[in-house]
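Chains as they are written, first to last, in our numbering: chain A, 418 to 761; chain B, 418 to 761.
2 protein chains.
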Amino acid sequence: MNIKNLVKGILVGCSVILISCHQEDAKSDTLTAAANTAMDPLPSWNEGLAKQSIIDFVTKTTKEGSADFVPVVDRIACFDNDGTLWTEMPLPTQLYFVIDRIKTLAPQHPEWKNQQPYKGILEGDLKAAIAGGEKALMELLVTTHAGMTTDEFDKTVKDWVATATHPKTGKHYTEMVYQPMLELLDYLRENGYKTFIVSGGGIDFMRVWAEQVYGVPPYQVVGSSTKVRYDTTGAQPVLIKLAELNFNDDKLGKPVGIHEHIGKRPVFTAGNSDGDYGMLQYTTTGSGPRFGLYIHHTDAVREYAYDRESGLAKLSKGLDDAAKYHWVVADMQKDWKKVYPFDK
Amino acid sequence: MNIKNLVKGILVGCSVILISCHQEDAKSDTLTAAANTAMDPLPSWNEGLAKQSIIDFVTKTTKEGSADFVPVVDRIACFDNDGTLWTEMPLPTQLYFVIDRIKTLAPQHPEWKNQQPYKGILEGDLKAAIAGGEKALMELLVTTHAGMTTDEFDKTVKDWVATATHPKTGKHYTEMVYQPMLELLDYLRENGYKTFIVSGGGIDFMRVWAEQVYGVPPYQVVGSSTKVRYDTTGAQPVLIKLAELNFNDDKLGKPVGIHEHIGKRPVFTAGNSDGDYGMLQYTTTGSGPRFGLYIHHTDAVREYAYDRESGLAKLSKGLDDAAKYHWVVADMQKDWKKVYPFDK
């Protein structure tokens, strides 16, 4: 059990977004999207190689009689979450959840004021908080993610996403999803693809809001997890989240997570960092038509620009090998007409 | 890692069926079923409490405005496999697969003739084969289920189900599925329910044929599993099945497996043994309308009769507590008009 990797997954490499639940807005967005799709399935993508490659691929794999036709049962599409479907900068959203939870719980723990890693979190000194390394990170994780029932955790996440906002934009985290990717999810689903999230982030954290935000139901979310235990000692049987790693869904773990949860090699996969290299490779080395998409963060004005030097979400090996594997690299600055649904 | 439980799950408590793949037959069956459903959604169920309870439940949970209405996103139905969807006697199907694999591989292993547990398998003396206990069972499991790629395993299972037949009926194992349960799966799906298999049997074993036989895609199959490793050393990256338990999806593991794979408490669950007690309990102790169904094997003529004294699939605690949890116990002899699709 390498808890270090889970902690890393959550505190460094993960990426998860939170729910704002403006259902009315969502509905009108959907209607607009549907109307647009009739004309252009990807209206927020600029014309170019990335957009055309996607449309060509979906067209040829769904056209009966095409040499590249893929039966509906095999139309599996996987998406990383942090940095692929929503913003993961300046810190992954799930880390903000950890920080806010510590602050919320602090009044019940006066001793935290003088005790790391809590002291650092409470004083806004993240560096001091994580100076204790793996042990400190593990303590934060356990305090915020374990020792409660799954229902209690769900409610905590739900309440948090309804109120928490991004430090730069002031928007709810679930509003900071990429409009071009929402269109891509819709476009694939309209063409018989099943869309899955395959993220290093926490599976229980994502499942709370993924259906409403992305249209991806809980059973199509793959992520990192701690073990749970079925407990029948109380009045009602519950599942309790334990402080023990169950699965680390990152890097070479992603193809494994895909196999465990989906049981089929995907046809289409999108990611944005070297943590997604394994699943893009697993996808596109299968026989028949396959599509690998990298989202390249090139837009420091509308979002964030980072790749080879990023400590949080490095994209280096993926760029080096994109041509070799025929992966399409979407340039956010050039390929995306808008980034967020709220952009004009 | 309790490999003993996995082995038990596979060699004792599991239940999985194999594919015959008569696609033409399946198609005409489906058409007939669809025609029947228009009049009676469960034509192979006799009128009675079990049938009426199911229909009442589906009706009230899908009627807009009903106090018991369940939104489509929450309509999760889970089914055990062995003994619930197909026959698990005289031995669980997956055990026949193990036996046949050993026989197939034997010519490459002349030493097996004098070496247990192989000797016993080859001579038809199962008792001698498993006299070595856990170690012997583990060896059989490893030899037949690990040390190969997932693609190789899939092909092996696929080839086997296409040819293997049940010792009593001579039918393909995938023909020995319960017609009333196929109708129930269809009926639930037609009413917006997502149907999942939650079995102690091997997840990779079931996924090969579950879609064709039950209409349940691989990502809606939950089962026991060994670990897999993503391997990039060869020309094409592959997933290799390892001789190490990953998850034992039986008894108290079933609610855990449901949480890991589905992420929601089911609304409807069907099982047939005490191995399913936990998931029925987890299901029916949730708030709002819930349904727990036990299939009681009472028909020694058309199938097999077993319950409290069964070593393979004991149903005792489930019968004791059925009334307490308001579980419906379907009596195969009385409640089922026919057992198999091929019955007249």
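Here a beta-carbon is modelled for each residue, glycine too, at the ideal position from N, C-alpha and C. Keep in mind that this is a model prediction, so the values were computed, not measured.
Straight-line Cα distance separating THR561 (chain A) from LEU522 (chain A): Position 105 of the first sequence holds residue 522 (chain A). Position 144 of the first sequence holds residue 561 (chain A). If you take the alpha carbons of LEU522 (chain A) and THR561 (chain A), they lie about 9 Å apart.
To the nearest angstrom, how far is the alpha carbon of MET598 (chain B) from that of THR501 (chain B)? Counted from its first residue, the second sequence places residue 598 (chain B) at position 181. Counted from its first residue, the second sequence places residue 501 (chain B) at position 84. Taking the straight line from one Cα to the other gives about 8 Å.
C-alpha distance - GLY651 (chain B) paired with PRO672 (chain A), whole-angstrom precision: If you number the second sequence from 1, residue 651 (chain B) lands on position 234. If you number the first sequence from 1, residue 672 (chain A) lands on position 255. Using only the alpha carbons, I get a separation of about 16 Å.
Residues that GLN653 (chain A) contacts on chain B, provided the C-beta gap is smaller than 7 Å: In the first sequence, residue 653 (chain A) corresponds to position 236, counting from 1. Result: THR702.
Given this structure, state the Cα-to-Cα distance separating MET749 (chain B) from VAL615 (chain A), to the nearest angstrom. Taking the second sequence and counting its residues from 1, one reaches residue 749 (chain B) at position 332. Taking the first sequence and counting its residues from 1, one reaches residue 615 (chain A) at position 198. About 42 Å.
In its own chain, which residues sit with a C-beta less than 8 Å from the C-beta of LYS754 (chain A), not counting the 5 before and 5 after it? For this step, residue 754 (chain A) is matched to residue 337 along the first sequence. Excluding positions up to five away in sequence, the list reads PRO460, SER461, TRP462, ASN463 and PRO597.
6 Å Cβ shell around PRO706 (chain B) - same chain, five flanking residues per side excluded: Here residue 706 (chain B) refers to the residue found at position 289 when the second sequence is read from its first residue. Taken in chain order, the residues that qualify are THR478 and ASP485.
Roughly how many angstroms lie between the CA atoms of GLU677 (chain B) and GLU677 (chain A), to the nearest whole one? The sequence position of residue 677 (chain B) within the second sequence is 260, counting from 1. The sequence position of residue 677 (chain A) within the first sequence is 260, counting from 1. One C-alpha to the other measures close to 10 Å.
Per DSSP, what kind of secondary structure is ALA627 (chain A) in: helix, strand or coil? Here residue 627 (chain A) is taken as the residue at index 210 of the first sequence, counted from 1. The three-state secondary structure of ALA627 (chain A), taken from DSSP, is helix.
Spatial distance of ASP648 (chain B) from LYS544 (chain A) (CA atoms): Here the question's residue 648 (chain B) lines up with position 231 in the second sequence. Here the question's residue 544 (chain A) lines up with position 127 in the first sequence. Their backbone Cα atoms lie some 36 Å apart in a straight line.
Could you tell me whether the Cβ of PRO683 (chain A) comes closer than 8 Å to any Cβ of chain B? Translated into the one-based positions of the first sequence, residue 683 (chain A) becomes position 266. Chain B contact via Cβ: absent.
Going by beta-carbon coordinates alone, are THR643 (chain B) and CYS495 (chain B) separated by less than 8 Å? For the purposes of this step, residue 643 (chain B) is identified with residue 226 of the second sequence, where counting begins at 1. For the purposes of this step, residue 495 (chain B) is identified with residue 78 of the second sequence, where counting begins at 1. Going by beta carbons, THR643 (chain B) and CYS495 (chain B) fall outside the 8 Å limit.
Below-8 Å beta-carbon distance, ILE614 (chain B) vs any chain A residue: Locating residue 614 (chain B) in the second sequence gives position 197, where the first residue counts as 1. Not an interface residue.
Tell me where the alpha helix (DSSP H) around THR643 (chain A) begins and ends. In the first sequence, the residue the question calls residue 643 (chain A) occupies position 226. Element bounds for THR643 (chain A): not the alpha helix (DSSP H) but the beta strand (DSSP E), 638 to 648.
What's the C-alpha gap between ASP760 (chain B) and PHE708 (chain B)? Locating residue 760 (chain B) in the second sequence gives position 343, counting from the first residue. Locating residue 708 (chain B) in the second sequence gives position 291, counting from the first residue. Between ASP760 (chain B) and PHE708 (chain B), the C-alpha separation is close to 28 Å.
Could you name the residues of the same chain whose beta carbon sits closer than 8 Å to that of TRP744 (chain B), not counting the 5 residues immediately before and after it, in chain order? Position 327 of the second sequence, counted from the start, is the residue given in the question as residue 744 (chain B). Hits under 8 Å: LEU697, THR701, GLY709, LEU710, TYR711, GLY735 and ASP738.
Listed from N- to C-terminal order along the chain, which residues in the region 476 to 501 of chain B have their beta-carbon within a distance smaller than 9 Å of any beta-carbon of chain A? VAL490 and ILE493
For the region 662 to 695 of chain A, which residues have a beta carbon sitting closer than 7 Å to at least one beta carbon of chain B? LEU669, PRO672, VAL673, HIS676, GLU677, HIS678, ILE679, GLY680, LYS681 and GLY695
Since THR567 (chain A) and LEU662 (chain A) should fall inside the 8 Å C-beta cutoff, what is the C-beta to C-beta distance between them, to a whole number of angstroms? Counting from one through the first sequence, the residue named residue 567 (chain A) turns up at place 150. Counting from one through the first sequence, the residue named residue 662 (chain A) turns up at place 245. Rounded, the Cβ-Cβ distance is 16 Å, inconsistent with contact.
Determine the DSSP secondary structure at ILE679 (chain A), reduced to helix, strand or coil. One-based indexing of the first sequence puts residue 679 (chain A) at position 262. The answer is coil: DSSP assigns ILE679 (chain A) none of H, G, I, E or B.
Check whether the Cβ of GLN637 (chain A) lies closer than 8 Å to any Cβ atom in chain B. Position 220 of the first sequence, counted from the first residue, corresponds to residue 637 (chain A). Yes, contact with chain B.
Is any beta-carbon of chain B found at less than 8 Å from that of GLU628 (chain A)? Here residue 628 (chain A) is taken as the residue at index 211 of the first sequence, counted from 1. For GLU628 (chain A), the closest Cβ of chain B is nearer than 8 Å.
Chain-ordered neighbours of ARG378 (chain B) on chain A, where CB pairs are closer than 7 Å: Outside the displayed span of chain B (418 to 761) sits residue 378 (chain B), for which this structure offers no information.
Are the beta-carbon atoms belonging to PHE622 (chain B) and ILE679 (chain B) less than 8 Å from one another? In the second sequence, counting from the first residue as 1, residue 622 (chain B) sits at position 205. In the second sequence, counting from the first residue as 1, residue 679 (chain B) sits at position 262. For PHE622 (chain B) and ILE679 (chain B), no; Cβs fall outside 8 Å.
Classification of HIS713 (chain A) by the beta-carbon crowding that lies within 10 angstroms, buried from 16 upward: The residue you call residue 713 (chain A) lines up with position 296 of the first sequence. Buried.
Assuming VAL578 (chain A) and TRP626 (chain A) make a contact with CB atoms under 8 Å, what is their CB distance in whole Å? Residue numbering aside, residue 578 (chain A) sits at position 161 when the first sequence is read from its first letter. Residue numbering aside, residue 626 (chain A) sits at position 209 when the first sequence is read from its first letter. So it is a contact: roughly 5 Å between Cβ atoms.
Closer than 8 Å, CB to CB, is TYR711 (chain A) near chain B or not? By 1-based counting over the first sequence, the position of residue 711 (chain A) is 294. So, not an interface residue.
VAL746 (chain B): CB within 7 Å of a non-hydrogen atom of the ligand COA: In the structure shown, the ligand COA is absent, as is every other ligand, since no ligand is present at all.
Within a Cβ cutoff of 8 Å, which residues of the same chain sit near THR573 (chain A), ignoring the five residues on either side of it in sequence? Numbered from its first residue, the first sequence carries residue 573 (chain A) at position 156. Closer than 8 Å at the Cβ level, and outside the excluded window around THR573 (chain A), lie ARG518 and MET565.
Using beta carbons (cut-off 8 Å, strictly below), is THR393 (chain B) in contact with chain A? Given a span of 418 to 761 for chain B in the structure shown, any question on residue 393 (chain B) remains unanswerable.
Using a Cβ-Cβ cut-off of 7 Å (strictly less than) and excluding sequence neighbours within five positions of ALA563 (chain B), which residues of its own chain qualify? Here residue 563 (chain B) is taken as the residue at index 146 of the second sequence, counted from 1. Excluding positions up to five away in sequence, the list reads THR643, LYS658, LEU659 and ALA660.
Just to confirm the assignment, what range does the beta strand (DSSP E) spanning HIS714 (chain B) have? Translated into the one-based positions of the second sequence, residue 714 (chain B) becomes position 297. Element bounds for HIS714 (chain B): 708 to 715.
Tell me, please, whether the CB atom of SER642 (chain A) is closer than 8 Å to any CB atom in chain B? Position 225 of the first sequence, counted from the start, is the residue given in the question as residue 642 (chain A). True, the Cβ-Cβ gap to chain B drops below 8 Å.
Pair within 8 Å by beta-carbon distance, ALA747 (chain A) and ALA467 (chain A): Reading the first sequence from its first residue, position 330 is the one you call residue 747 (chain A). Reading the first sequence from its first residue, position 50 is the one you call residue 467 (chain A). Yes, the Cβ-Cβ distance between ALA747 (chain A) and ALA467 (chain A) is below 8 Å.
What residues in its chain sit with their C-beta under 8 Å from that of LYS480 (chain B), if we drop five residues either side in the sequence? Counted from its first residue, the second sequence places residue 480 (chain B) at position 63. Within the same chain, LYS480 (chain B) has close Cβ partners PHE486.
For my contact list, GLY692 (chain A) and GLY619 (chain A) are in at a C-beta cut-off of 8 Å; report their separation, rounded to the angstrom. Taking the first residue of the first sequence as 1, we reach residue 692 (chain A) at position 275. Taking the first residue of the first sequence as 1, we reach residue 619 (chain A) at position 202. Beta-carbon to beta-carbon, GLY692 (chain A) and GLY619 (chain A) are separated by about 15 Å, too far to satisfy the 8 Å threshold.
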